[in-house]
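Colleague:
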Amino acid sequence: MNEPRFNPFALVRALVRPLDPVLVLVLATLLGYAHLLMRSASPERVDTQLVHFAVALAGMWLLAWLRPKRLLALAVPLYALGVILLVAVELFGEVSKGAQRWLDLGVTRIQPSELMKIAMPLVLAWFFQQREGETRAIDFVLAGVLLALPVGLIVVQPDLGTSLLVAASGLYVIFFAGLSWKLIIPLLVAGVIGLGSIVAFGDTLCQPEVDWQVLHEYQKQRVCTLLDPTRDPLGKGFHIIQSTIAIGSGGITGKGWMDGTQTHLAFLPERHTDFIFAVLAEEFGLLGTLVLLATYAVLLLRGFAIAAAAPTHASRLLAGAITLIFFTYAFVNMGMVSGILPVVGVPLPFISYGGTALVTLCLGIGILMSIQRSRFADKG
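With my numbering, letter number 175 in the sequence shown gets 183, and the count goes up by one each step, no holes.
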């Protein structure tokens with residue numbers, strides 16, 4: 009009897025079967041950008057960045073193989089684990105740069121708040137799946153409680169940027185589940201009035217003796233710096249001023265790869281993490297920025313297409329929420345780097361250096377691939 013021959017092409021087909029070609033192309037473009045920018049902004053971190061790429065892509069591939077039913081079965085355990093770890097951070101967490109966000113496990117340090125960026129939309133999608141067709145007002149209240157608990161624990165660390173991202177990931181699911189506009193519009197109006205008041209009375213509200221009560225002092229200073237970076241150009245306003253100079257000096261075509269003066273003369277702070285968009289704009293100019301924006305647009309369109317065609321209610325909620333999370337990351341980062349939003353420590357998705365955020369985002373891509381694959385595998 010002839011033994012079956014090893015077929016490498018069959019193996020490759022099996023390995024790539026769960027991958028969505030459009031999402032793979034988008035991710036390859038974004039990671040290519042990330043690698044080029046890191047070689048310019050912080051070449052000593054390139055090797056570590058490649059390790060991050062490998063771990064993140066492996067996690068994405070594993071999630072792409074799981075069926076949405078399996079993912080949703082993990083929702084409650086992941087949420088419970090995330091909350092327990094956040095409580096542990098509050099009790100035993102390490103303090104770094106004035107914030108208590110990390111948990112030392114002996115062999116490594118973890119930031120449990122990152123887990124909630126995936127666990128939060130998962131558990132809310134599971135929650136509303138149980139109530140499909142019978143959603144009541146009390147269900148939205150309960151969903152709000154599920155969301156408020158981890159967000160509150162993250163706020164007190166304090167970590168405003170991550171708390172906003174986790175809150176957004178949950179609110180998107182609640183919105184797609186059918187939250188009434190009668191509740192949304194008053195919140196939007198209140199937000200507009202609040203922001204308008206801060207802008208109108210900024211000079212008075214930003215005086216040192218004024219206590220904002222609900223925000224820490226450093227958070228107040230970030231808002232005041234946004235209103236007028238020249239208030240402290242060599243201190244709190246330095247980041248924004250140097251970032252806007254880098255963005256503006258790039259012009260149409262940029263100064264050229266590895267030729268950015270703000271980057272290589274060390275005027276641009278945090279150039280490998282939160283402010284890497286300024287490196288892109290300086291070295292690749294408007295054209296390079298438009299290519300990045302177009303890539304993000306393709307990612308969002310593909311994500312919404314997967315959400316619209318998803319076979320179950322929970323899959324639709326989850327895919328829509330994850331897609332909008334990508335948008336939130338990109339919008340907040342580019343907004344804060346260009347000076348139209350406060351600096352809140354949100355990375356540029358798939359581009360900024362950092363293993364935890366990259367793994368979280370790639371897990372999101374993996375979930376989208378899982379949902380897309382489920383259309384053909386089964387209807388569950």
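The beta carbon of each residue, even a glycine, is placed where N, CA and C say it ideally should be.
Can you list, in chain order, the residues of its chain whose CB lies under 8 Å from that of PRO120, leaving out five sequence neighbours each side?
Modeller: Closer than 8 Å at Cβ, skipping near neighbours: GLY90, LEU93, LEU94, ALA96, VAL97, LEU111.
Colleague: Ignoring anything shorter than 4 residues or poking outside the region 261-332, list the alpha helix (DSSP H) runs there in chain order.
Modeller: Fully enclosed alpha helix (DSSP H) runs of 4 or longer: 269-272, 284-317.
Colleague: Could you check how far apart the C-beta atoms of VAL352 and GLY169 are, in whole angstroms? I think they sit under 8 Å.
Modeller: About 4 Å separates the two Cβ atoms, so the contact holds.
Colleague: Closest to ASP55 by C-alpha separation, out of GLY362, ILE206, LYS190, would be which residue?
Modeller: When only C-alpha atoms are compared, the closest one is GLY362.
Colleague: Run through the region 113-164 for me and flag every whole alpha helix (DSSP H) of 4 or more residues, listed as ranges in chain order.
Modeller: Counting whole runs of 4 or more residues, the region 113-164 contains the alpha helix (DSSP H) stretches 120-137, 145-163.
Colleague: Ordered along the chain, which non-local residues of its own chain (more than five positions away) have a Cβ less than 6 Å from that of ARG109?
Modeller: Closer than 6 Å at the Cβ level, and outside the excluded window around ARG109, lie GLN119, GLN165, ASP167.
Colleague: Should the region 169-188 be regarded as contacting the region 321-333, the criterion being three or more beta carbon pairs within less than 8 Å?
Modeller: The answer is yes - the region 321-333 touches the region 169-188, with three or more Cβ pairs under 8 Å.
Colleague: Quick one: what's got a C-beta closer than 7 Å to ARG139's C-beta in the same chain, skipping five residues either side?
Modeller: Closer than 7 Å at the Cβ level, and outside the excluded window around ARG139, lie ASP147.
Colleague: If you follow the alpha helix (DSSP H) that GLN215 is part of, which residue opens it and which one closes it?
Modeller: It is not in any alpha helix (DSSP H) - GLN215 carries neither H nor E in the DSSP assignment.
Colleague: Tell me, please, whether the region 264-277 touches the region 329-342 by the rule of three or more beta-carbon pairs shorter than 8 Å.
Modeller: These segments do not touch.
Colleague: Using a Cβ-Cβ cutoff of less than 6 Å, which residues in the same chain neighbour LEU294 once the five nearest sequence positions on both sides are dropped?
Modeller: Here the set comprises ILE260.
Colleague: Would SER205 be called buried (16 or more neighbouring beta carbons within 10 Å of its own) or exposed?
Modeller: That one is exposed.
Colleague: Who are the Cβ neighbours of THR368 in its own chain at under 7 Å, not counting the five residues just before and after it?
Modeller: Hits under 7 Å: GLU122, LYS125, ILE126.
Colleague: Near LEU157, which residues of its chain fall below 7 Å by C-beta distance, leaving aside the five closest residues on each side in sequence?
Modeller: Excluding sequence neighbours, LEU157 sits near VAL91.
Colleague: Helix, strand or coil for PHE358, going by three-state DSSP, please let me know.
Modeller: Reduced to three states, the DSSP call for PHE358 is coil.
Colleague: How is LEU242 classed by DSSP in three states: helix, strand or coil?
Modeller: DSSP places LEU242 in coil when its eight states are reduced to three.
Colleague: Around the C-beta of LEU298, are 16 or more other C-beta atoms found within 10 angstroms, so that it is buried, or is it exposed?
Modeller: Classification for LEU298: exposed.
Colleague: When you compare the region 304-315 with the region 238-253, are there three or more beta-carbon pairs, one atom per stretch, that lie closer than 8 Å?
Modeller: Taking 8 Å as the limit for Cβ pairs, the verdict is that the region 238-253 does not touch the region 304-315.
Colleague: Mind reading off the beta-carbon distance from GLY4 to GLU290? Whole number of angstroms is fine, and I expect it under 8 Å.
Modeller: Residue 4 lies beyond the stretch modelled for the chain, which goes from 9 to 388, so this question has no answer here.
Colleague: Just curious, the alpha helix (DSSP H) that PRO26 is in, first and last residue?
Modeller: From DSSP, PRO26 is part of no alpha helix (DSSP H); its letter is neither H nor E.
Colleague: Checking 8 Å against the spacing of the C-beta atoms, do LEU179 and LEU154 come in under that value?
Modeller: Their beta carbons are not under 8 Å apart, which means LEU179 does not touch LEU154 by this criterion.
Colleague: Between SER378 and LEU74, is the Cβ-Cβ spacing less than 8 Å?
Modeller: Yes, Cβ-Cβ distance for SER378 and LEU74 is below 8 Å.
Colleague: Expressed to the nearest angstrom, what Euclidean distance is found between the alpha-carbon atoms of THR364 and HIS280?
Modeller: Spanning the two alpha carbons is a distance of roughly 15 Å.
Colleague: Whole angstroms are fine: how far does the CA of LEU349 sit from the CA of ILE284?
Modeller: For ILE284 and LEU349, the distance between alpha carbons rounds to 16 Å.
Colleague: In this structure, how does DSSP classify MET9 when only helix, strand and coil are distinguished?
Modeller: Note that MET9 scores 46 on pLDDT, short of 50, meaning its location in the model is unreliable and no value can be drawn from it.
Colleague: If you compare alpha carbons, which of ASP219, LEU99, ASP236, HIS43 is closest to VAL59?
Modeller: Of ASP219, LEU99, ASP236, HIS43, the residue nearest in Cα terms is HIS43.
Colleague: Given this structure, state the Cα-to-Cα distance separating MET46 from PHE292, to the nearest angstrom.
Modeller: C-alpha separation (whole angstroms): 14 Å.
Colleague: Less than 8 Å between the beta carbons of ILE475 and LEU79, yes or no?
Modeller: The structure shown does not extend to residue 475, since the chain is modelled only from 9 through 388, so no value can be given for it.
Colleague: From ALA83 to PRO241, what distance separates their C-alpha atoms?
Modeller: Rounded to the nearest angstrom, the two C-alpha atoms are 46 Å apart.
Colleague: Assuming the contact rule is C-beta atoms closer than 8 Å, ASP282 and SER360 should be a hit. Round their C-beta distance to whole Å, please.
Modeller: ASP282 to SER360, Cβ: 7 Å. Contact.
Colleague: Is LEU307 close to chain B, meaning its C-beta is less than 8 Å from at least one C-beta of that chain?
Modeller: Looking at the structure shown, chain B is missing, and only one protein chain is on hand.
Colleague: Would ILE162 be called buried (16 or more neighbouring beta carbons within 10 Å of its own) or exposed?
Modeller: It is buried - the Cβ of ILE162 has at least 16 other Cβ atoms within 10 Å.
Colleague: Report, in whole angstroms, the separation of the C-beta atoms of LEU308 and PHE275, which I expect to be a contact under 8 Å.
Modeller: No, LEU308 and PHE275 are not in contact; Cβ-Cβ is about 33 Å, not under 8 Å.
Colleague: Taking 6 Å as the limit between beta carbons, can you name the residues of its chain near VAL345, skipping five residues before and five after?
Modeller: Excluding positions up to five away in sequence, the list reads SER251, PHE283, PHE285, ALA286.
Colleague: Whose CA, out of THR303, GLN57, HIS321, VAL174, lies closest to the CA of TRP134?
Modeller: Ranking the options by Cα distance to TRP134, first place goes to HIS321.
Colleague: Taking the alpha-carbon positions, what's the ARG383 to ASN341 distance?
Modeller: Straight-line Cα distance between these residues: approximately 33 Å.
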